[in-house]
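Chemist:
2 protein chains.
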Amino acid sequence: MSRPTIYDVARESGVSIKTVSRVINDAPNVRPATLARVRTAIDLLGYQPDPAAQRLGGGRLPTVGVVVDSIADPFFAQLAAVVESRAAAVGMDVLIASTGLDEERLRSQVERLSRRGVAGFVVAPFGDPAAVAAALPSDVPVVVVDRPCGTVGTDAVRVTDEAGAYEAVRHLVDHGHRRIGFVGRTGQFVTLADRYRGYERALREAGLEVDPTLVETRAWTTEEALPLMAQLLTRPDAPSALLAATPMTGLAVLTAQQRLNRRDVALVVFGDLPGAELMTPPTTVVDQQPTALAETAFDLLQRRLREPSAEPLDTVLPTRLVPRGSGELRPRGAA
Amino acid sequence: MSRPTIYDVARESGVSIKTVSRVINDAPNVRPATLARVRTAIDLLGYQPDPAAQRLGGGRLPTVGVVVDSIADPFFAQLAAVVESRAAAVGMDVLIASTGLDEERLRSQVERLSRRGVAGFVVAPFGDPAAVAAALPSDVPVVVVDRPCGTVGTDAVRVTDEAGAYEAVRHLVDHGHRRIGFVGRTGQFVTLADRYRGYERALREAGLEVDPTLVETRAWTTEEALPLMAQLLTRPDAPSALLAATPMTGLAVLTAQQRLNRRDVALVVFGDLPGAELMTPPTTVVDQQPTALAETAFDLLQRRLREPSAEPLDTVLPTRLVPRGSGELRPRGAA
DNA sequence: CGAGGCGTTGACAGCGCTGTCATGCCGCCC
DNA sequence: GGGCGGCATGACAGCGCTGTCAACGCCTCG
Numbered sequence: 001m002s003r004p005t006i007y008d009v010a011r012e013s014g015v016s017i018k019t020v021s022r023v024i025n026d027a028p029n030v031r032p033a034t035l036a037r038v039r040t041a042i043d044l045l046g047y048q049p050d051p052a053a054q055r056l057g058g059g060r061l062p063t064v065g066v067v068v069d070s071i072a073d074p075f076f077a078q079l080a081a082v083v084e085s086r087a088a089a090v091g092m093d094v095l096i097a098s099t100g101l102d103e104e105r106l107r108s109q110v111e112r113l114s115r116r117g118v119a120g121f122v123v124a125p126f127g128d129p130a131a132v133a134a135a136l137p138s139d140v141p142v143v144v145v146d147r148p149c150g151t152v153g154t155d156a157v158r159v160t161d162e163a164g165a166y167e168a169v170r171h172l173v174d175h176g177h178r179r180i181g182f183v184g185r186t187g188q189f190v191t192l193a194d195r196y197r198g199y200e201r202a203l204r205e206a207g208l209e210v211d212p213t214l215v216e217t218r219a220w221t222t223e224e225a226l227p228l229m230a231q232l233l234t235r236p237d238a239p240s241a242l243l244a245a246t247p248m249t250g251l252a253v254l255t256a257q258q259r260l261n262r263r264d265v266a267l268v269v270f271g272d273l274p275g276a277e278l279m280t281p282p283t284t285v286v287d288q289q290p291t292a293l294a295e296t297a298f299d300l301l302q303r304r305l306r307e308p309s310a311e312p313l314d315t316v317l318p319t320r321l322v323p324r325g326s327g328e329l330r331p332r333g334a335a
Numbered sequence: 336m337s338r339p340t341i342y343d344v345a346r347e348s349g350v351s352i353k354t355v356s357r358v359i360n361d362a363p364n365v366r367p368a369t370l371a372r373v374r375t376a377i378d379l380l381g382y383q384p385d386p387a388a389q390r391l392g393g394g395r396l397p398t399v400g401v402v403v404d405s406i407a408d409p410f411f412a413q414l415a416a417v418v419e420s421r422a423a424a425v426g427m428d429v430l431i432a433s434t435g436l437d438e439e440r441l442r443s444q445v446e447r448l449s450r451r452g453v454a455g456f457v458v459a460p461f462g463d464p465a466a467v468a469a470a471l472p473s474d475v476p477v478v479v480v481d482r483p484c485g486t487v488g489t490d491a492v493r494v495t496d497e498a499g500a501y502e503a504v505r506h507l508v509d510h511g512h513r514r515i516g517f518v519g520r521t522g523q524f525v526t527l528a529d530r531y532r533g534y535e536r537a538l539r540e541a542g543l544e545v546d547p548t549l550v551e552t553r554a555w556t557t558e559e560a561l562p563l564m565a566q567l568l569t570r571p572d573a574p575s576a577l578l579a580a581t582p583m584t585g586l587a588v589l590t591a592q593q594r595l596n597r598r599d600v601a602l603v604v605f606g607d608l609p610g611a612e613l614m615t616p617p618t619t620v621v622d623q624q625p626t627a628l629a630e631t632a633f634d635l636l637q638r639r640l641r642e643p644s645a646e647p648l649d650t651v652l653p654t655r656l657v658p659r660g661s662g663e664l665r666p667r668g669a670a
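Listed below in structure tokens is the structure:
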């Protein structure tokens with residue numbers, strides 16, 4: 001009739017429920033013969049433990065919480081998709097929670113999921129490092145992705161932000177650019193600050209000065225960035241190339257160019273864009289490898305779930321410059 | 336120390352746990368004075384019920400399950416984002432599960448979430464209607480989105496697929512096209528079959544014959560579609576316009592065109608594309624309004640959660656043709 | 001040969017909540 | 001005034017599982 005419970009399995013295999021519980025949880029000290037018998041009964045009845053009961057009886061749910069700005073963002077959607085698929089493979093569920101850009105909401109969402117009993121988190125945090133550290137739970141494993149925010153003591157996966165941006169700007173310099181702008185809000189995100197540092201270093205090493213008027217750090221959403229971009233691009237001393245620090249700002253730059261009907265400004269975007277290959281010219285990007293990031297994050301989470309006291313790992317994945325056209329444009333009037 | 340339980344609230348407010356339970360669940364028959372007292376205690380202690388315990392004690396979790404092909408798909412990502420935000424507003428969580436294009440997996444994912452105790456589903460099903468009907472749970476409210484698959488007895492939200500496709504093809508005809516192709520796998524998806532019907536009707540009404548060699552129904556992913564598209568576009572009697580039945584196939588068409596370095600084929604894509612405005616020419620689409628779809632789906636779910644025996648509603652949302660350029664291209668050699 | 005130890009198993013008490021049913025109380029009716 | 005019905009509340013038994021601890025071998029060692 002109804003779903004079988006642990007009692008049914010126990011009766012079927014002639015042991016106590018506790019032994020069944022041991023088998024379910026891969027606990028040691030079960031005689032192989034008993035183990036086999038219980039396993040058979042489980043298969044026979046199609047038994048599956050009730051997660052709610054497991055949790056109530058002291059444990060956590062076989063669930064991982066994914067906390068990101070917005071899963072409508074292609075980068076995070078990709079991340080969530082990979083985590084979901086990996087989780088499903090090991091019988092875990094995925095709870096998603098989006099925070100927008102609200103630090104308080106980051107905190108409340110994490111707390112909500114934690115109370116909900118998730119076994120672990122994959123979080124892309126932002127904002128003040130101290131606030132982030134306070135928001136993250138101490139009793140549940142957390143893997144911080146993409147934006148380590150100076151968190152310590154937790155596993156983290158991120159990309160070589162500084163180096164990626166450096167490489168991108170270097171690429172632009174190599175293509176003859178001298179006036180290179182930077183777009184992207186750096187305040188709330190440690191990651192973006194790193195990218196900015198890479199930008200700065202590349203300029204410095206090329207013997208170029210940083211012109212603060214070419215650095216636009218107020219933009220986050222496309223809507224915010226649009227007017228700022230339009231303004232930047234129509235200046236008499238407009239930059240001949242731009243580094244967009246995020247896909248969103250990249251889109252803003254592209255849209256602004258489109259509106260102004262211009263295609264002469266070289267552009268490298270940090271983070272891949274859906275349809276980037278189809279743009280005119282195709283957009284050169286610094287690939288963040290969201291898939292690899294997500295895989296690594298999930299691996300780290302699993303590892304910590306198994307060995308809760310393992311040394312925290314800060315994994316740094318390389319980025320990859322993907323030249324597609326927009327980053328190879330030469331400045332106007334150049335050879 | 337630890338989180339307060341219902342007992343703490345009961346003690347604090349001088350009532351039994353049962354009364355607290357009543358208050359939590361908005362049950363009737365609680366004297367206003369008692370209600371207020373309990374509410375105060377709840378606020379004071381910051382009490383929040385433990386979902387696992389609630390579920391174990393007979394109920395379902397305040398959770399909605401979202402089951403889609405892949406949340407990496409921008410359309411579903413958008414859908415999930417909206418559902419998540421609406422759910423959060425009423426204190427519910429969102430569990431996501433992706434099915435790929437595997438009918439068996441649709442079934443198993445739904446069952447898993449159901450066992451997990453979700454209170455309701457938002458599902459984008461596919462495949463054989465009978466199989467879908469069998470896969471969907473009968474004891475948990477389900478709202479079917481985007482692809483009603485002939486399901487009966489459940490709430491559904493969808494768009495005017497036939498009419499949307501009709502309008503698109505009509506649009507192409509009005510721009511002088513006579514050889515108009517259709518791309519998109521129609522087999523597994525009722526929705527796509529509807530779109531095909533709209534395509535056919537528009538041709539018929541325009542006095543044009545359906546040329547089956549211009550109809551490509553084998554393509555689903557971009558990878559699959561690419562070679563087929565390349566072949567289609569390079570034929571001597573190639574179509575001068577295409578209707579792509581899904582965003583994915585739309586991307587395939589665009590990519591194929593790009594590879595072939597062609598921009599002369601008019602294109603309307605069913606479903607919006609990220610970055611569509613930035614293409615050359617910007618892509619004309621039939622907007623499915625994922626946000627409205629998701630909002631409506633969530634509303635329906637909430638309604639059913641409240642009134643489980645309400646009459647099932649089959650909501651049909653209008654589509655919107657968004658001319659952006661690619662659909663307004665005229666055939667070569669036309670006036 | 002008995003004590004001690006370890007590997008194996010089970011009994012049982014919760015976990016925090018909800019459903020069922022019982023209880024007490026008040027107002028109403030005949 | 002006694003009886004009845006309805007509202008407000010509480011006592012209590014689970015829900016399905018896990019943690020704790022005790023019990024029961026059996027093997028080893030002195």
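For the protein sequence lines, the chains are A and B, in the order given. The numbering used here applies: residue 1 is where the first sequence begins, and numbers increase by one. The numbering used here applies: residue 336 is where the second sequence begins, and numbers increase by one. Using N, Cα and C, we set each Cβ at its ideal position, and we do this for glycine too.
If we require 3 or more residues per run, which beta strand (DSSP E) segments fall completely within the region 492-527 of chain B?
Modeler: Counting only runs of 3 or more, we get 515-518.
Chemist: Just the C-alpha distance for A/V20 and A/R306, rounded to the nearest angstrom, thanks.
Modeler: Going from the Cα of A/V20 to the Cα of A/R306 covers about 21 Å.
Chemist: So, with DSSP's three-state summary, where would you put B/D490?
Modeler: It is a strand residue.
Chemist: At the 8 Å Cβ level, is B/L602 part of the contact set with chain A, yes or no?
Modeler: Output row for B/L602: interface = no.
Chemist: Give the secondary structure of B/T434 by DSSP, where H, G and I count as helix, E and B as strand, and everything else as coil.
Modeler: Of the three classes helix, strand and coil, the one that applies to B/T434 here is coil, per DSSP.
Chemist: Could you name the residues of the same chain whose beta carbon sits closer than 6 Å to that of A/A202, not counting the 5 residues immediately before and after it, in chain order?
Modeler: Here the set comprises Y166, V169 and R170.
Chemist: Excluding sequence positions up to five away, which residues of its chain have a Cβ less than 6 Å from the Cβ of B/L436?
Modeler: So no residue of the chain qualifies.
Chemist: Which residues does DSSP list as the beta-bridge partners of B/F456?
Modeler: Its beta-bridge partners are B/G400 and B/V477.
Chemist: Which residues in chain B have a C-beta closer than 8 Å to the C-beta of A/M279? List them in chain order.
Modeler: G610, L613, M614 and T615, listed in chain order.
Chemist: Can you look up B/L568 in the DSSP assignment and give me helix, strand or coil?
Modeler: B/L568 falls in the helix class under three-state DSSP.
Chemist: Which of helix, strand or coil does DSSP assign to B/E551?
Modeler: If DSSP states are grouped into helix, strand and coil, B/E551 belongs with the strands.
Chemist: Tell me, which residues are paired with B/M427 by DSSP?
Modeler: Answer by DSSP bridge pairing: none, since B/M427 is not bridged.
Chemist: Please look up how many angstroms separate the CB atoms of A/A52 and B/R390, rounded, as I've assumed it's under 8 Å.
Modeler: Contact holds; Cβ gap of about 4 Å.
Chemist: Would you kindly work out how many angstroms separate the C-alpha atoms of B/P562 and B/P625, rounded to a whole number?
Modeler: Roughly 29 Å between the two C-alpha positions.
Chemist: Looking at chain B, is there any beta carbon in it that lies within less than 8 Å of the beta carbon of A/L233?
Modeler: A/L233 does not count as touching chain B.
Chemist: Answer with yes or no whether the minimum CB distance from A/L214 to chain B is below 8 Å.
Modeler: No - not a single Cβ of chain B is within 8 Å of the one on A/L214.
Chemist: Please classify B/L628: is it buried, with 16 or more other beta-carbons within 10 angstroms of its beta-carbon, or exposed?
Modeler: With 16 or more Cβ atoms within 10 Å of its Cβ, B/L628 is classed as buried.
Chemist: By alpha-carbon positions, which one of A/L300, A/P308 and A/G250 ends up nearest to A/T284?
Modeler: When each option's Cα is compared against that of A/T284, the closest is A/G250.
Chemist: Buried or exposed: where does B/E497 fall if 16 or more other Cβ atoms within 10 Å of its Cβ makes it buried?
Modeler: B/E497 comes out buried.
Chemist: Among A/V144, A/E277, A/D287 and A/T296, which residue has its Cα nearest to the Cα of A/R324?
Modeler: Among A/V144, A/E277, A/D287 and A/T296, the Cα nearest to that of A/R324 belongs to A/E277.
Chemist: If you draw a straight line from the alpha carbon of A/G65 to that of B/S420, how long is it in whole angstroms?
Modeler: One C-alpha to the other measures close to 15 Å.
Chemist: Per the contact definition of three or more C-beta pairs closer than 8 Å, is the region 102-118 of chain A in contact with the region 71-88 of chain A?
Modeler: As far as the Cβ criterion goes, the region 71-88 of chain A does not touch the region 102-118 of chain A, which means the pair count is below three.
Chemist: Could you give the first and the last residue of the continuous alpha helix (DSSP H) run that contains B/V350?
Modeler: Neither: B/V350 is in no alpha helix (DSSP H) and is coded neither H nor E.
Chemist: What number of angstroms, rounded off, separates the C-alpha of A/R317 from the C-alpha of A/D287?
Modeler: For the record, residue 317 of chain A in the displayed sequence is Leu; it is not Arg. Cα-Cα distance, rounded: 11 Å.
Chemist: If the criterion is Cβ atoms closer than 8 Å, does the pair B/A432 and B/Q444 meet it?
Modeler: Yes; because the gap between Cβ atoms is below 8 Å, this pair is in contact.
Chemist: Buried or exposed: A/A89, going by 16 or more other Cβ atoms within 10 Å of its Cβ?
Modeler: Exposed, since its Cβ has fewer than 16 Cβ neighbours within 10 Å.
Chemist: Excluding the five sequence neighbours on either side, which residues of its own chain have a C-beta within less than 6 Å of the C-beta of A/R320, listed in chain order?
Modeler: Contacts found: D287.
Chemist: Roughly how many whole angstroms lie between the Cα atoms of A/A87 and A/F298?
Modeler: Answer to the nearest angstrom: the Cα atoms are 8 Å apart.
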